[in-house]
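FYI, in my numbering the residues of the sequence shown are -6 to 36.
Each residue gets a CB set at the ideal place from its N, CA and C atoms; glycine is no exception.
What you are looking at is a predicted structure, and each value in this text was computed from that prediction instead of being measured.
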Amino acid sequence: VKSYDGETLNLTGVLRQDMGTYLCIASNGVPPTISKRYSVQVQ
């Protein structure tokens, strides 16, 4: 997902090869921009 507008992001059709660490960046045009890394695991 390159861009998303909303409060909750639901991922469907996720495969084991999609596992890993992802970076989420939140920006609304007013500083500061916030980022956080998330780990995605698929069982």
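DSSP puts S42 in a beta bridge; with which residues? There is no way to answer for residue 42, as the model of the chain reaches only from -6 to 36.
Considering Cα atoms alone, identify which of C17, Q34, V35, Y31 is closest to D(-2). Position 5 of the sequence shown, counting from 1, holds the residue named residue -2. Nearest C-alpha to D(-2): C17.
L2 and V35 closer than 8 Å at C-beta: Working through the sequence shown from its first residue, we reach residue 2 at position 9. Working through the sequence shown from its first residue, we reach residue 35 at position 42. Contact: no.
Name the residue from K(-5), V(-6), R30 whose alpha carbon lies nearest to the alpha carbon of T14. Residue numbering aside, residue 14 sits at position 21 when the sequence shown is read from its first letter. When each option's Cα is compared against that of T14, the closest is R30.
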